[in-house]
Each structure stands twice: as C-alpha cells, then as structure tokens.
Amino acid sequence: MAKTSTLTVRLAPELLEALEARAKRLGRSTSAEVVRLLSREMVVTTRAAKATRPRMRMFSQLEAPDVEDFAASRKAISKTIPRSVRASSEAL
C-alpha cells in the first residue's frame, strides 16, 4: 500500500455527523470517505481546468454521480422491489 500522510482538520459537529453517516451508508470508514471525496473533487477541479465540451445548459450546474454512488443507489432501490416483481420482469 502506498505511504500516506496524516492531516488534522477542524470540522463543525454537524458536518462530521453528516460525513460519518454518509460513510456508514456507503460501507466505508470515515477516513476512506474523506479521501474519496477529496480525490473526486481534485479530479473535477483538474478536469474543469481543461477545455471541455459544454454540457446542456439546463444541466450545466448539476453534478453527475460517480459509478460507486450510482451502484449503491441502484442496489438500495432494487432491495425495495419485491422478488416476485423482479422474477417476472426477468422472464420478459
């Protein structure tokens, strides 16, 4: 594993609670979620600095979910669908 550094950050209690809840929901440690969010933001910032093709105007300010967030959402939604419905749709 790559060598890592330690960083101490002061957070408002509400922000820490939200971060811990998000990490738990996604099955990650709080530290891993902080690293993932920072990494994603750094990639977005780097991409934004490059010339990019403009998005559709009505969606330009929206952020698309990454694959992990999409998969977690899809899994959560799929669990709410009864097995009988899922089985009948697979037969189609």
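Numbering (this note's numbering), first residue to last: -1 to 90. For each residue, glycine too, the CB sits at the ideal point set by N, CA and C.
Given a cut-off of 8 Å on the beta-carbon distance, is the pair residue i and residue j in contact?
i: threonine 28; j: leucine 17; result: yes
i: aspartate 64; j: arginine 38; result: yes
Between which two residues does the alpha helix (DSSP H) holding residue i run?
i: isoleucine 79; result: Where isoleucine 79 is concerned, there is no enclosing alpha helix (DSSP H), given that its DSSP letter is neither H nor E.
i: alanine 16; result: 11 to 23
Give every residue of the same chain whose Cβ lies closer than 7 Å to the Cβ of residue i, excluding the five residues on either side of it in the sequence, and list them in chain order.
i: arginine 20; result: Glu31
i: proline 11; result: none
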